[in-house]
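**Q** Position 95, counted from 1, in the sequence shown is what UniProt numbering calls 95; the numbers after and before it change by one each time, with no gaps.
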Amino acid sequence: MSLWRLCFSMKLTNMRMILIAVIIFLIPHLQTDVIIPFFATADFTNTTLMKIRQFLSALTLTMAATAGYAQTVLPRPSASQSVRRTAPRAGVPVEQGPFRPTWESVRGWQCPQWFKDAKFGMWAHWGPQCEAEDGDWYARFMYYPGTEQWNWHTAHFGSPQTHGLKDLIHHWKAEKWDPEALVKLYKEAGAQYFMALGNHHDNFDLWDSPYQQWNSVNMGPRKDLVKGWSDACRKHGLPMGVSIHASHAWTWLEPSQPYDGNLTAADGRGTWWEGYDPQELYAQRHAHSTGWDNSGTIHSQWAWGNGAARPTQAYMDKFQNRVLQLINDYNPSMLYFDDTVLPFYGVTDSVGLNILASYYNHSARRNGGPPQVVVMGKILDDEQKQALLWDVERGISDRIQKKPWQTCTCIGSWHYSRAVYEAGSYKPAGQVVRMLVDIVSKNGNLLLSVPVKGDGTIDDKELAVVQGIAAWMKDNKQSIYGTRPWKTFGEGPLAEASNPLTAQGFNENNNYSSRDVRYAERHDTLFATIMAWPAAGRYRLESLGVLSPYYNGRVAKVELLGHGEVGFEQRADGVFVDVPVHRVNDIAPVFQICFGETPSSWARLQQLVAAVDEAVAVLKAAAGYNTGKVSRRNVLLLEAELTRARSCREDDGDGAIGQIVEALTAAYRRTVQEKCAGGVADAAHAQDITADVLGETADFARKQATATRFATPKLWTVDNFEIPQTDGSGTKNGIDNYPGTSCLMLGIWNDRSRATTPLADARVYQKVHLRRGRYYFGGAFDTHYNLTRGYVFASREPCATQDIEQQSLAFYPVTAVRDGNDTYGVYFSLDDEADVCLGFQADLASGAETQELRVKRVSLLRYADVTSAQYDGLVAEAEALLSAAVIGCNTGYYSPQAVDRLRVQMARAAQLLVSESLPDACLLLQAACQDFQKNGKVPGGRGDEEHATDLTKDLLVEASGFTPVGPGTTRFEAPKYWTVENFRIPQTDGTGTKAGLDNYTGSYSLMMGLWNDRARNTVGSLADARIYRTLTLPRGSYYFGATFDDTWLPVRGYIFASRGTLPTADMERKSIAHYDMGACTKDGTFNGIYFALNETTTLNVGFQCDLTQGSEQQEFRAKRVRMVRIDPAPTAISRPAAAALRAAEVYNLSGQAVGRNHSKLTKGVYVTHGKKVVVW
């Protein structure tokens, strides 16, 4: 095709053809980067500009071939060739549509089906920092003298004064990058979507970005990397996302300021970067953040609080334009933000919400319906999880999430690290697969990064990991894709262990074992994955037993994926499947389980009665009053429910039978799950025999007088726990002096591999001789961290950790203790004198690589023989509890049901006194009193009931980001819409006056608290410090609650509702409802009170503390608040039950009367007596 035909094909005018002729003449002397902006000023369309770019590129190659200088990429600029993209002056408009840039509007987003089905994605977290092959955050740590990155950088490139981040970019070539090959590999491994890095905190855009001249087309690889990934994904049918991290460059690059971070365009004369402005990259012409010289401070400033330097509006506008242009030109299916919630959240919501609304509208327009895109953010509360996807970094939720979510993790360092490769420290395929299975069981997806080297390739060890994942997915992918959570996510030690998330994640190092099972379902098929291969033979899936609360019906067929059908037997306590000798993969077996027809209510009841009848005989034989064992009291209650179930008749109807099935199942579940209590010692009527029997109570003696941190105890036996240390601190063997006194200790800290003995049964204990009687043994814990399975125990002989619950006299899980001065332990009785082992035991072979316990004090108590006087005292205690109890149906008060339960147990104790034994009667009564005090009050909750109307904005004005009275320029302010009383503490450091609001996290939270400033309060008494709103509410049921980003456990603090103001001391007796702040969580979930009003009432809702008690450092910060009305849920009734209703008018939902003959009602929802009912 001739040149002029090419021009005509682009619909060029004669003048524009002349311009092209001039450019052709200049091509040997100019760069395309100069030519294209020139054409951009001539009002060409984007399509025409693209054709021009393609035309010039082809023409350049043609001319180069004849001139002898052909190149496959654009030549790199030299000092004499000043090359600069000119950014457009106009901003990118926010696309309009159904979504507006408000939280209320964007909460209308729904996670698209394709993402919920995908489950597994892979990520190329690849940019210029990979060139150094020295790990994550290289471009930050290279500016901190003494760090590994500083040392490497100065050794290879010289001082960052002359060779900084900008020069690392220039050095990066990506010469072996083949996106098509990598995407193909990832898809073969099972990835259903792909994530490309768009920019990192280094602020360098990896696409052809007109709003950031420092991008991969202008310099470095001189390639459009995002487009390369996008083209490869399109070829292989994978949705592609782009991760954006650059919002934090403002603070992240602050350590560059003493080096090259403050250079300007004028400094570039005669350099390779002449014509570029370094401030467009570094953005460092501003004051430092507080603590910038400490490389770790930035983590506490991630939400732009705690002294972070605030970005300018121009900086935020530029960021917004970059992202919107990326959306419009590349149409990604996902955006990932490495931010708390959204970019600049804590400074302003506007940037993040503008991007969110524009992106959703962009997708809705392109798809002609709901948006089909996903935006990922971190540390989201419940309401924010409705607007975007919750991403957890290197961590796993410990429960099923209602909304889809995602874990992002990496098999090594986020940026490529040669040290990780050489150490062989990549996550193996097995760990990745097990994480994937665990995450999927909880309604999540896994986004896995495989670090890419600077040249654009992955190494041989990474390839082996990817191929290992592919091998497992080949036979088992149907247990992953398109699945949804089942009734429970799983069973086994890790399902029962406490492994909470820290900040945005970081709890992923679980050591899954063959005792761990995870479940997921697709359609009517259940998949059960055993997380590591068990021994061949029968394996129990407990959750599928007839007596399980998750019973799903009769199992019809079980198939091992990759093998075929296997034998099985369904029993009361589980389904037992046959595990073959031959293993079909190297990681984990997956059983596909199909169910038969769902049994009728009557058949289910008969099946349940037979199973419970058989179980009761076993439970009665094992029942007693020792900690951790089956409770005799609960067995008696189970027998009562069984008797009731036997009296049921088939013609009672499905509704009544269903209620009996539910009650009998609940009674059985309570019997097997609610074991006899242990915990904090009851010192009443007890003799302390610790020193006499155990020889010491604290600061435990060492076998040898050594000064090392770790040692062996003199008086205690240590089994299966010996780990030599490499830092001169001794050998872990039962003693740890970390807190300054010698504690009993079991634990690992990334040193499991150095253990000289198996760690599954690590224990430290004493064997003592005790006479007949009732005892308590326990310890005060200096720390307990991340333990999968650990116990305080009493046993006749040492036993395996996995057998403690069955074979010990008594046990108490370490996961239930609290660190501090209280002792936690076990109660046990001896009918005759005997030798008893007392101690602490843990399975350190399972679970996280960092887990430990340290016991700083032990206690052994003996209780006096039971007398009738003691029984009379317990009766008096129970009567006193009932007399003092404030009874009600609102949060914080004792429920009528709890009162009735205690009275029934008192009557049963009286029967035991006559028919059986005085000790049993006393123990039952003691347990009943403890249960009443612990579980008798109406609980609070999250306020997320299905039938609820949100009144937050109507009644409380705002849900978060609370408005200050003043200008909002200081950390502490007073709230505009809330009343604050008895709390006003001026600060001496220029941060304002504590008066109800705190901007520590970047946005104002409701706050009250002390930080060594109690004496400076200027109003009222801190005993009654309160923040509240006064409301008038009509009759109805309500919820008020909050999410907390900090709770330093005030000694006495409440979320409350009350008529008028009350002293804190009266809150538990006179409020409408109250909830102890000490029980509040910090995981983004709501904590609060439920209360009912019988008439229109004026009341206060808020937060109140007695800050005169306890530590000089205590506080709370309420990040969000919620106020809802709990609407009555429809009541489901059968037609026979409907016929039994007394005569009354019944209306349909349109308000039309449908008559009084309820027996003729068809299935549907109706209104009668002012309530909704469902007839079925």
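Glycine included, every Cβ here is placed at the ideal spot set by N, Cα and C.
Bear in mind that the values here come from a model prediction, so they are computed numbers and not experimental data.
How big is the Cα-Cα spacing for residue 896 and residue 937?
**A** By one-based count along the sequence shown, residue 896 stands at place 896. By one-based count along the sequence shown, residue 937 stands at place 937. For residue 896 and residue 937, the distance between alpha carbons rounds to 9 Å.
**Q** So for residue 1017, helix, strand or coil by DSSP?
**A** As a position in the sequence shown, residue 1017 is number 1017, starting the count at 1. DSSP places residue 1017 in coil when its eight states are reduced to three.
**Q** For residue 743, which residues of its own chain have a beta-carbon under 8 Å away from its beta-carbon, when the five flanking residues on both sides are left out?
**A** Taking the sequence shown and counting its residues from 1, one reaches residue 743 at position 743. Within the same chain, residue 743 has close Cβ partners 700, 735, 736, 737, 782, 854, 855, 856.
**Q** Starting from the C-beta of residue 354, find all residues in its chain whose C-beta is less than 7 Å away, skip the five residues before and the five after it, and write them out in chain order.
**A** Counted from its first residue, the sequence shown places residue 354 at position 354. Cβ neighbours of residue 354 beyond the five flanking positions: 94, 101, 320.
**Q** Would you tell me roughly how many angstroms separate the C-alpha atoms of residue 1079 and residue 817, rounded to the nearest one?
**A** Counted from its first residue, the sequence shown places residue 1079 at position 1079. Counted from its first residue, the sequence shown places residue 817 at position 817. Those two C-alpha atoms are separated by around 14 Å.
**Q** Rounded C-beta distance between residue 129 and residue 202? I'm assuming under 8 Å.
**A** Walking along the sequence shown from the start, residue 129 turns up at place 129. Walking along the sequence shown from the start, residue 202 turns up at place 202. Indeed they touch by this definition, with Cβ atoms about 6 Å apart.
**Q** Which residue comes first and which comes last in the beta strand (DSSP E) that contains residue 1121?
**A** As a working note, residue 1121 is residue 1121 in the sequence shown. Looking at the DSSP string, the run of the beta strand (DSSP E) that includes residue 1121 is 1113-1126.
**Q** For residue 648, does the count of other Cβ atoms within 10 angstroms reach 16, so buried, or fall short, so exposed?
**A** Against the sequence shown, residue 648 aligns to sequence position 648. Buried, because 16 or more other Cβ atoms sit within 10 Å of the Cβ of residue 648.
**Q** Let me make sure I understand the geometry here. Which of 281, 314, 330, 408 has the alpha-carbon closest to that of residue 338?
**A** If you number the sequence shown from 1, residue 338 lands on position 338. Ranking the options by Cα distance to residue 338, first place goes to 408.
**Q** Only counting runs of 4 or more residues, tell me where the alpha helix (DSSP H) segments fall wholly within the segment 595-653, in order along the chain.
**A** Segments of the alpha helix (DSSP H) lying fully in the segment 595-653: 601-622, 632-646.
**Q** Quick one: what's got a C-beta closer than 7 Å to residue 690's C-beta in the same chain, skipping five residues either side?
**A** Against the sequence shown, residue 690 aligns to sequence position 690. If we look at residue 690 and ignore the five residues flanking it on each side, its Cβ neighbours are 697, 858, 859, 860.
**Q** What does a CB cutoff of less than 6 Å around residue 1070 pick up in its chain, not counting 5 residues either side in sequence?
**A** In the sequence shown, residue 1070 corresponds to position 1070, counting from 1. Cβ within range, chain order: 1062.
**Q** Within this structure, are the beta carbons of residue 1020 and residue 1068 separated by less than 8 Å?
**A** One-based indexing of the sequence shown puts residue 1020 at position 1020. One-based indexing of the sequence shown puts residue 1068 at position 1068. Taking 8 Å as the Cβ cut-off, residue 1020 and residue 1068 do not qualify as a contacting pair.
**Q** Quick one: any contact between the segment 346-361 and the segment 323-335, if contact means 3 or more CB pairs under 8 Å?
**A** Yes: at least three Cβ pairs fall under 8 Å.
**Q** Only counting the same chain, and skipping five residues up and downstream in sequence, which positions put a Cβ closer than 6 Å to that of residue 719?
**A** Taking the first residue of the sequence shown as 1, we reach residue 719 at position 719. For residue 719, where only same-chain residues beyond five positions count, the Cβ hits under 6 Å are 763.
**Q** Name the two residues that bound the continuous beta strand (DSSP E) containing residue 447.
**A** To locate residue 447, count along the sequence shown from 1; it is residue 447. Here the beta strand (DSSP E) through residue 447 covers 444-449.
**Q** If you follow the alpha helix (DSSP H) that residue 873 is part of, which residue opens it and which one closes it?
**A** Counting from one through the sequence shown, the residue named residue 873 turns up at place 873. From DSSP, the alpha helix (DSSP H) with residue 873 extends over 868-884.
**Q** Which residues does DSSP pair with residue 756 in a beta bridge?
**A** Taking the first residue of the sequence shown as position 1, residue 756 is located at position 756. Note: residue 756 sits in no beta bridge, so no partner.
**Q** Spatial neighbours of residue 118 within its chain, please: CB distance less than 8 Å, with the 5 preceding and 5 following residues excluded, ordered by chain position.
**A** For the purposes of this step, residue 118 is taken as residue 118 along the sequence shown, with counting starting at 1. Once the five neighbours on either side are set aside, the close Cβ partners of residue 118 are 192, 193, 239, 445, 481.
**Q** Can you say whether residue 126 is buried or exposed, counting buried as having 16 or more other CB atoms within 10 angstroms of its CB?
**A** Your numbering for residue 126 matches position 126 in the sequence shown. Classification of residue 126: buried, given that the 10 Å Cβ count is 16 or more.
**Q** Rounded to whole angstroms, what's the CA-CA distance from residue 652 to residue 909? Just pull it up for me.
**A** Along the sequence shown, one-based indexing puts residue 652 at 652. Along the sequence shown, one-based indexing puts residue 909 at 909. Taking the straight line from one Cα to the other gives about 33 Å.
**Q** Which residues share a DSSP beta bridge with residue 259?
**A** The count along the sequence shown starts at 1 and reaches residue 259 at position 259. BP columns for residue 259 are empty, so no partner.
**Q** Going by C-alpha to C-alpha distance, which of 886, 627, 712 sits closest to residue 775?
**A** Counted from its first residue, the sequence shown places residue 775 at position 775. Nearest option by C-alpha distance: 627.
**Q** So for residue 394, helix, strand or coil by DSSP?
**A** Indexing the sequence shown from 1 puts residue 394 at position 394. If DSSP states are grouped into helix, strand and coil, residue 394 belongs with coil.
**Q** What's the gap between the Cα of residue 593 and the Cα of residue 555?
**A** Along the sequence shown, read from residue 1 onward, the residue named residue 593 stands at position 593. Along the sequence shown, read from residue 1 onward, the residue named residue 555 stands at position 555. Each residue's alpha carbon lies about 7 Å from the other.
**Q** Looking only at its chain, what residues have a beta carbon closer than 6 Å to the beta carbon of residue 562, apart from the 5 residues adjacent to it on each side?
**A** As a working mapping, residue 562 is identified with position 562 in the sequence shown. The residues are 475, 584.
**Q** Does the beta-carbon of residue 131 have 16 or more other beta-carbons within 10 angstroms, so that it is buried, or is it exposed?
**A** Numbered from its first residue, the sequence shown carries residue 131 at position 131. Its Cβ being crowded by 16 or more others within 10 Å, residue 131 is buried.
**Q** Look up residue 1101 in the DSSP assignment and give the residues it is bridged to.
**A** Taking the sequence shown and counting its residues from 1, one reaches residue 1101 at position 1101. Note: residue 1101 sits in a beta bridge opposite 1029, 1057.
**Q** Let me know the secondary structure DSSP gives residue 284 once reduced to three states.
**A** Within the sequence shown, numbered from 1, the residue matching residue 284 stands at position 284. In this structure, residue 284 counts as coil in the three-state DSSP scheme.
**Q** So what does DSSP say about residue 669, is it helix, strand or coil?
**A** Here residue 669 refers to the residue found at position 669 when the sequence shown is read from its first residue. Three-state result, residue 669: helix.
**Q** In its own chain, which residues sit with a C-beta less than 8 Å from the C-beta of residue 977, not counting the 5 before and 5 after it?
**A** The count along the sequence shown starts at 1 and reaches residue 977 at position 977. 956, 957, 958, 962, 963, 1029, listed in sequence order.
**Q** Mind checking whether residue 530 and residue 548 have CB atoms under 8 Å apart?
**A** To locate residue 530, count along the sequence shown from 1; it is residue 530. To locate residue 548, count along the sequence shown from 1; it is residue 548. Against a cut-off of 8 Å, the Cβ pair of residue 548 and residue 530 comes out as no contact.
**Q** Should residue 576 and residue 528 be called a contact, given that it needs their Cβ atoms to be closer than 8 Å?
**A** Counted from its first residue, the sequence shown places residue 576 at position 576. Counted from its first residue, the sequence shown places residue 528 at position 528. Going by C-beta atoms, residue 576 is not nearer than 8 Å to residue 528.
**Q** Classify residue 431 as buried or exposed, calling it buried when 16 or more other Cβ atoms lie within 10 Å of its own Cβ.
**A** Residue 431 sits at position 431 when you count from the first residue of the sequence shown. Buried, since its Cβ has 16 or more Cβ neighbours within 10 Å.
**Q** Just curious, the beta strand (DSSP E) that residue 746 is in, first and last residue?
**A** Within the sequence shown, the letter at position 746 stands for residue 746. Its beta strand (DSSP E) spans residues 743-749.
**Q** Determine the closest residue to residue 393 out of 684, 532, 336, with distance taken between C-alpha atoms.
**A** Taking the sequence shown and counting its residues from 1, one reaches residue 393 at position 393. Comparing Cα positions, the closest option is 336.
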